[in-house]
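Below: one structure, written as structure tokens.
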């Protein structure tokens, strides 16, 4: 998926058009015809890729509180997506621990794995703004991911979109390294944002002019935490707005 890799920016996947897919497919078939390279089981890599991208029951997606989903639709030679409707009962908590399991590791070419992308969006809308969230392979067939759930429902139906793409182990390692760097930077920023939110809450209390100290009730921290949890359930990214 050379065409894809050139368009991968900061962990977001921009899917190929049909023309791109045909171009990459023709190029890959030409390489296979010229070199005659085979994988360990003697199958043509392009044939294997085509089988994987169109295979059902290849990957299982497990959202707590919902049935297991194994139906993926092919969007390219090496790509497929799964759309999962999200009922109102599904919150950021459930979307923070979505299980991904590779059911058919025998279909993955040697030296490759599945990069996993995710996004929460309005149901049946155009698929975009994917974020790389993890990977599975024959040697690591299952993982737990956290899906971005920053969009408020406002009564609108939502869906979780899971994208998978066959990539080399090295390419996946590079994506993982970049994701970890962003996560580390986010943790530091998050700590500062939480401190600022608490400071803003505490400053809402009355200042005692006699001693220049805030008059804070004993349960002030508990009240702040309750407000924090309500805002977080409504929008997990509220601290960064």
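Residue numbers (UniProt numbering): 1 to 241.
Each residue gets a CB set at the ideal place from its N, CA and C atoms; glycine is no exception.
Keep in mind that this is a model prediction, so the values were computed, not measured.
Taken in chain order, the complete alpha helix (DSSP H) segments of 4 or more residues contained in the region 92 to 130 are 92 to 95. Under DSSP, residue 144 takes part in a beta bridge, and its partners are 99.
Between residue 100 and residue 61 the beta-carbon gap is near 6 Å, inside 8 Å, which marks them as a contact.
A direct Cα-Cα distance of roughly 46 Å separates residue 154 from residue 211. Per the coordinates, the alpha-carbon of residue 225 lies some 10 Å from the alpha-carbon of residue 201. With fewer than 16 other Cβ atoms inside 10 Å of its own Cβ, residue 213 counts as exposed. By the CB criterion at 8 Å, residue 115 and residue 175 fall inside the cutoff.
In the DSSP assignment, residue 77 falls outside any alpha helix (DSSP H), carrying neither H nor E. Between residue 127 and residue 77, the C-beta gap is not smaller than 8 Å, which leaves the two residues out of contact.
Residue 180 and residue 146 have their C-alpha atoms roughly 13 Å apart.
Between the alpha carbons of residue 189 and residue 238 lies a gap of roughly 13 Å. Beta-bridge partners of residue 71 (DSSP): none assigned. Under the 10 Å beta carbon count, residue 102 is surrounded by 16 or more other beta carbons and is classified as buried.
In the three-state reduction of the DSSP assignment, residue 90 falls in the coil class. Under the DSSP definition of a beta bridge, residue 208 partners with 213.
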